[in-house]
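According to the working numbering, the residues represented by the sequence shown are 22 to 456, in order. Take a look at the structure below.
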Amino acid sequence: MTGNTGRERWSSTLGFILASIGSAVGIGNVWRFPYIVGANGGGAFLIPYLISVLLFGLPLMVLEFAIGRNTGTSVVTAFRSIQGRFSFAGLAVVAIASLVLSYYLVITSWVLAYALFFALNRPVDFGAFTGPYLPLIFFLLSGIAVFLTVRSGVREGIEKVSRVLIPVLVVILLFLVVFALTQAGAMDGIGFYLSPDYSRLADPTVWTAAFGQAFFSLSVGMGVMLTYGSYLEGGDLFRNASVIAVADMLIAILAGLVIFPLVFTAGLDPAAGVNLTFITLPAVFTGMRFGMVLGALFFAMLFTAALTSAVSMLEVPVAAMMDSRGYSRKRATLLVFGVIMLLGLPSALSYTALELELLGTPLLDLNDYLFGTIGLIVAGLIISIVGGWYMDRARVCTEIGGCGWQQKIYMALIRYCVPTILLITLIASLLQAAG
Ligand code: PHE
Numbered sequence: 022m023t024g025n026t027g028r029e030r031w032s033s034t035l036g037f038i039l040a041s042i043g044s045a046v047g048i049g050n051v052w053r054f055p056y057i058v059g060a061n062g063g064g065a066f067l068i069p070y071l072i073s074v075l076l077f078g079l080p081l082m083v084l085e086f087a088i089g090r091n092t093g094t095s096v097v098t099a100f101r102s103i104q105g106r107f108s109f110a111g112l113a114v115v116a117i118a119s120l121v122l123s124y125y126l127v128i129t130s131w132v133l134a135y136a137l138f139f140a141l142n143r144p145v146d147f148g149a150f151t152g153p154y155l156p157l158i159f160f161l162l163s164g165i166a167v168f169l170t171v172r173s174g175v176r177e178g179i180e181k182v183s184r185v186l187i188p189v190l191v192v193i194l195l196f197l198v199v200f201a202l203t204q205a206g207a208m209d210g211i212g213f214y215l216s217p218d219y220s221r222l223a224d225p226t227v228w229t230a231a232f233g234q235a236f237f238s239l240s241v242g243m244g245v246m247l248t249y250g251s252y253l254e255g256g257d258l259f260r261n262a263s264v265i266a267v268a269d270m271l272i273a274i275l276a277g278l279v280i281f282p283l284v285f286t287a288g289l290d291p292a293a294g295v296n297l298t299f300i301t302l303p304a305v306f307t308g309m310r311f312g313m314v315l316g317a318l319f320f321a322m323l324f325t326a327a328l329t330s331a332v333s334m335l336e337v338p339v340a341a342m343m344d345s346r347g348y349s350r351k352r353a354t355l356l357v358f359g360v361i362m363l364l365g366l367p368s369a370l371s372y373t374a375l376e377l378e379l380l381g382t383p384l385l386d387l388n389d390y391l392f393g394t395i396g397l398i399v400a401g402l403i404i405s406i407v408g409g410w411y412m413d414r415a416r417v418c419t420e421i422g423g424c425g426w427q428q429k430i431y432m433a434l435i436r437y438c439v440p441t442i443l444l445i446t447l448i449a450s451l452l453q454a455a456g
């Protein structure tokens, strides 16, 4: 382990795990996972998903931790220390993380607005909320919350916020699960969500959906885990990564146990993505007893999840700037914050009265496709290739507990399987968009 001694550190392994869970558990778990399960074979989808997490997501997470911990620095400088010419690849990863953050923050800000509206007993409909420029104010507010957290540092900011928010999230989620499962439509909801349709497993798009969702949900492939790993000292990386992955999966599955029972109890159609979270669910809450409290709790929970994920994405460019340019944390955070707000503005405006669109698609959706889907896969490919093929084998071995047969299998996964799967997912995503 080379790590430099003056570097910020997590206060403990638990702090590191909570921060990583904070990154992994995000909007992807609550609005994306349940819908993807429902649309891709219900309970049967859990098979490709589990395989994706275990065989591809988890190994890539361990690799990111290993690169970060071994080089003791963040993406750009870590890549440079592996081979000088890779700094550019590191920059590409940083750029992708920043671009994903720019629109992720817009969705985060909608969640914050909804939490507040429900808490104030004034639910609004999505069109009425996004029509005027109100979303811009919430965009700024969420941006500031993320900015302040990252500015406070690894231990005092990122770790502290995760230590408080993750338990809050779990408590609210468990309460909502119990509530939802005792509603009249619970069985229908669960039927839609989980009853397995094994015939769907023959459809390759079900598999690529599983790979894409696993990478996104585990926050791998964007340098987040690499950066978090650079603040880590000891510990078994496989064990830590497994805890993070299991927590991420459990929370995603539980989120579906809240959403579908409620939607079916209200007799509504389980719609996709944006609509499910910002139109269907609010309608469910508005129409039910204690709906305001439940809505406020649900969106508050989603906000805690989104905030800690956004924080982790901001840390990628901030750490890169500190490590490669020698900027102070305060200066780097302010600079990056400014850039992200500017980058996010078009996405924020795309659902307002201005309706910024390109090729008939709102810019936010376009960004989600270009950066959150395609960009994430490309960045994942870069990391797996640089780490798997060019990082000195002995350096990887010191991080993963030796060079025995288990580690050989692991290296084969990283060098051959992960890039292949990412490439297949990339092609499938491009074809899907073209078709
Ligand atoms: N994992 C987060 C989610 O599920 C999103 C994310 C992706 C965060 C990549 C950081 C890096 O919402």
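The C-beta atom is built at its ideal place from N, Cα and C for all residues, glycine as well.
Open item on the list: Please state the DSSP three-state secondary structure of P144.
Closed with: coil
Open item on the list: Please classify Q427 as buried or exposed, where buried requires at least 16 other C-beta atoms within 10 Å of its C-beta.
Closed with: A residue is called buried once 16 or more other Cβ atoms fall within 10 Å of its Cβ, and Q427, having fewer, is exposed.
TODO: Would you check if the distance between the CB atom of G36 and the CB atom of E177 is smaller than 8 Å?
DONE: With contacts defined as CB atoms closer than 8 Å, G36 and E177 fail to qualify as a contacting pair.
- [ ] Answer yes or no: do N79 and A268 have a C-beta to C-beta separation smaller than 8 Å?
- [x] Here residue 79 is Leu; the residue named in the question, Asn, does not match the sequence. Going by C-beta atoms, L79 is not nearer than 8 Å to A268.
- [ ] Measure from the alpha carbon of F200 to the alpha carbon of each residue in E254, A262, F319, then state which is nearest.
- [x] F319
TODO: Give me the Cα-Cα distance between I158 and V74, rounded to the nearest whole angstrom.
DONE: 37 Å
Task: Integer Cβ distance of R172 from R28, believed to fall under 8 Å - done: So it is not a contact: roughly 17 Å between Cβ atoms.
Open item on the list: Three or more C-beta pairs under 8 Å: does that hold for the region 44 to 60 against the region 237 to 244?
Closed with: yes
Task: Closest residue to F66 among Y431, V227, T325 (Cα-Cα distance) - done: V227
Open item on the list: Give the list of continuous alpha helix (DSSP H) stretches no shorter than 4 residues that lie fully inside the region 28 to 69.
Closed with: 34 to 45, 54 to 60
Task: F237: CB within 7 Å of a non-hydrogen atom of ligand 1 - done: Distance from the C-beta of F237 to the nearest heavy atom of ligand 1 is below 7 Å.
TODO: Evaluate E378 with the Cβ neighbour count: other Cβ atoms within 10 Å of its Cβ, from every protein chain shown; 16 or more gives buried, anything less gives exposed.
DONE: exposed
Task: Rounded C-alpha distance that separates S108 from A433 - done: 25 Å
Task: Sequence ranges, alpha helix (DSSP H) only - wholly within the region 82 to 115, length at least 4 - done: 96 to 103
Open item on the list: Rounded to whole angstroms, what is the Cα-Cα separation between V115 and Y249?
Closed with: 14 Å
Task: Length at least 4, wholly inside the region 158 to 227: the alpha helix (DSSP H) runs in chain order - done: 181 to 202, 207 to 215
Open item on the list: Here's a check: name, in chain order, each residue in its chain whose Cβ is nearer than 6 Å to the Cβ of G233, leaving out the five neighbours to either side.
Closed with: Excluding residues within five positions, the ones whose Cβ falls inside 6 Å are T446.
Task: Residues near F139 by beta carbon distance below 7 Å, same chain, minus five either side - done: F306, M313, G316, A317, F320
Open item on the list: Would you call the region 80 to 98 in contact with the region 395 to 406, where contact means no fewer than 3 C-beta pairs closer than 8 Å?
Closed with: yes
TODO: Give a yes or no on contact between the region 201 to 218 and the region 362 to 371, applying the rule of three or more CB pairs nearer than 8 Å.
DONE: no
- [ ] Please name the residue in L278, G43, T229 whose C-alpha comes closest to that of S330.
- [x] Looking at L278, G43, T229, the one whose alpha-carbon comes closest to that of S330 is G43.
Open item on the list: One question on the structure: do N91 and R436 come within less than 8 Å of each other, judged by their Cβ atoms?
Closed with: no
Open item on the list: On a Cα-Cα basis, can you pick out the residue from T354, L385, G381 that is closest to A369?
Closed with: L385
TODO: Note down the Cα distance separating G256 from A60, rounded to an integer number of angstroms.
DONE: 39 Å
Open item on the list: With three or more C-beta pairs closer than 8 Å as the rule, is the region 111 to 127 touching the region 273 to 289?
Closed with: no
Task: Distance cut-off 7 Å: G47 Cβ against heavy atoms of ligand 1 - done: yes
- [ ] Please check the pair I421 and Y411, which I expect to be a contact at CB under 8 Å, by giving their CB distance rounded to whole angstroms.
- [x] At roughly 16 Å, the Cβ-Cβ gap does not stay under 8 Å, so I421 and Y411 are not in contact.
Open item on the list: What would DSSP say about A454, mapped onto helix, strand or coil?
Closed with: Three-state DSSP puts A454 in a helix.
Task: Below-8 Å beta-carbon distance, V145 vs any chain D residue - done: Absent from the structure: chain D. Only one protein chain is present.
Task: Three-state class that DSSP yields for Q428 in the structure shown - done: helix
Task: Where E336 sits in the DSSP three-state scheme - done: In the structure shown, E336 falls within a helical segment according to DSSP collapsed to helix, strand and coil.
Open item on the list: Do L39 and I187 count as a contact pair if the criterion is CB distance below 8 Å?
Closed with: yes
- [ ] Go ahead and label V185 buried or exposed: buried means 16 or more other beta carbons lie within 10 angstroms of its beta carbon, across all protein chains shown.
- [x] Exposed, because fewer than 16 other Cβ atoms sit within 10 Å of the Cβ of V185.
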